[in-house]
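Written below as structure tokens is the structure these notes are about.
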Amino acid sequence: MSRVDVVILGAVIVVMGCATTPKEEAQPASRLSRPERPIVQPRVHVVTLDARTPARALGSELAARATELGVAGPTAFVWGDVSPAPSGAPRIEIRAGNTSVHGFLIPSAHEVDMGQLAPGIHNVVMVGCDDRGLYGSHPSGPGRHRIEFGAADGELEREAREIFGFVSLMPGDVSEGVTSGQVLSLLKELPSRVRYAVMALPS
Numbered sequence: 000m001s002r003v004d005v006v007i008l009g010a011v012i013v014v015m016g017c018a019t020t021p022k023e024e025a026q027p028a029s030r031l032s033r034p035e036r037p038i039v040q041p042r043v044h045v046v047t048l049d050a051r052t053p054a055r056a057l058g059s060e061l062a063a064r065a066t067e068l069g070v071a072g073p074t075a076f077v078w079g080d081v082s083p084a085p086s087g088a089p090r091i092e093i094r095a096g097n098t099s100v101h102g103f104l105i106p107s108a109h110e111v112d113m114g115q116l117a118p119g120i121h122n123v124v125m126v127g128c129d130d131r132g133l134y135g136s137h138p139s140g141p142g143r144h145r146i147e148f149g150a151a152d153g154e155l156e157r158e159a160r161e162i163f164g165f166v167s168l169m170p171g172d173v174s175e176g177v178t179s180g181q182v183l184s185l186l187k188e189l190p191s192r193v194r195y196a197v198m199a200l201p202s
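Taking numbering that gives the first Met the number 0, I'd label the letters of the sequence shown as residues 0 to 202.
Here it is in structure tokens:
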């Protein structure tokens, strides 16, 4: 093959490649990439409280809101690391002053089920509140300890992953002078010391 033939052959290959390129790019309509559907964020129901309202009224305020939303049976407000989201549980945001807490209203909630909302839970701490902050106690142990917030070491973080907190704001568990704004700011920090927290609402 002469040098001229080689040049002509090369030119033909280039032209054929250019001619076939559009055909290779053409795709059937069914195989064209479709735009992704936008992710629809779940609705969050907002409950706004007067920050000066006594903390003891927080549970009844949430219970009334749960009734308005059609949440049936005994109800619990749950917040913290609960995943996956509990089935049939409306998302809720409680606001009081400059503080807000996001969580769920669990329908037909029973105490025996509350430790099963996330894997790896092995213990529970009963949480109350007074004018100095939150305190915790074990259901089967005497005494109580102050729950301090701040930097946590690795051991404390590991222990927190295995505990859930059962919060009570009944008259005997919360000081009279504590307001909803004060207690809500404390409850917002509680998931740094437990995996998640549960507050049973009055029926």
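For each residue, glycine too, the CB sits at the ideal point set by N, CA and C.
Supposed contact pair R55 and V193 - C-beta distance, whole angstroms, cut 8 angstroms: Here residue 193 refers to the residue found at position 194 when the sequence shown is read from its first residue. Here residue 55 refers to the residue found at position 56 when the sequence shown is read from its first residue. About 22 angstroms; that fails the 8 angstroms criterion.
Going straight from the alpha carbon of G119 to that of P190, what length do you get? Translated into the one-based positions of the sequence shown, residue 119 becomes position 120. Translated into the one-based positions of the sequence shown, residue 190 becomes position 191. The straight-line gap from Cα to Cα measures roughly 15 angstroms.
The alpha helix (DSSP H) with V182 in it runs from where to where? Reading the sequence shown from its first residue, position 183 is the one you call residue 182. Element bounds for V182: 179-188.
Whose CA, out of F163, P141, L155, lies closest to the CA of V124? Counting from one through the sequence shown, the residue named residue 124 turns up at place 125. Ranking F163, P141, L155 by Cα distance to V124 puts F163 first.
Between G72 and the rest of its own chain, which residues show a CB-CB distance below 8 angstroms, the 5 nearest in sequence each way excluded? For this step, residue 72 is matched to residue 73 along the sequence shown. The residues are P106, S107, A108.
In the DSSP assignment, find the unbroken beta strand (DSSP E) run with G127 in it and report its ends. In the sequence shown, counting from the first residue as 1, residue 127 sits at position 128. That run of the beta strand (DSSP E) goes 122-129.
If you draw a straight line from the C-alpha of T66 to the C-alpha of V77, how long is it? As a working mapping, residue 66 is identified with position 67 in the sequence shown. As a working mapping, residue 77 is identified with position 78 in the sequence shown. Answer to the nearest angstrom: the Cα atoms are 16 angstroms apart.
Hey, out of G102, D129, P141, whose CA is closest to V182's CA? As a position in the sequence shown, residue 182 is number 183, starting the count at 1. With distances taken between Cα atoms, V182 lies closest to D129.
In three-state terms, what does DSSP make of A159? Along the sequence shown, one-based indexing puts residue 159 at 160. In this structure, A159 counts as helix in the three-state DSSP scheme.
How is the beta strand (DSSP E) around E92 delimited, first residue to last? Here the question's residue 92 lines up with position 93 in the sequence shown. From DSSP, the beta strand (DSSP E) with E92 extends over 90-95.
Could you tell me whether the Cβ atoms of L57 and L104 are closer together than 8 angstroms? Locating residue 57 in the sequence shown gives position 58, counting from the first residue. Locating residue 104 in the sequence shown gives position 105, counting from the first residue. Contact: no.
What would DSSP say about G69, mapped onto helix, strand or coil? Residue numbering aside, residue 69 sits at position 70 when the sequence shown is read from its first letter. Note: G69 maps to coil in three-state DSSP.
When DSSP labels each residue in this structure, what does A196 get in the three-state scheme? Numbered from 1 along the sequence shown, position 197 holds the residue referred to as residue 196. Residue state, collapsed to three classes: strand.
To the nearest angstrom, how far is the alpha carbon of H144 from that of S59? The residue labelled residue 144 in the question sits at position 145 within the sequence shown. The residue labelled residue 59 in the question sits at position 60 within the sequence shown. For H144 and S59, the distance between alpha carbons rounds to 27 angstroms.
Where the beta strand (DSSP E) through V77 begins and ends: Translated into positions along the sequence shown, residue 77 becomes position 78. Residues 75-79.
Quick one: using the 10 Å Cβ neighbour count with 16 as the cut-off for buried, is A88 buried or exposed? What you label residue 88 is simply residue 89 of the sequence shown in a count that begins at 1. Result: buried.
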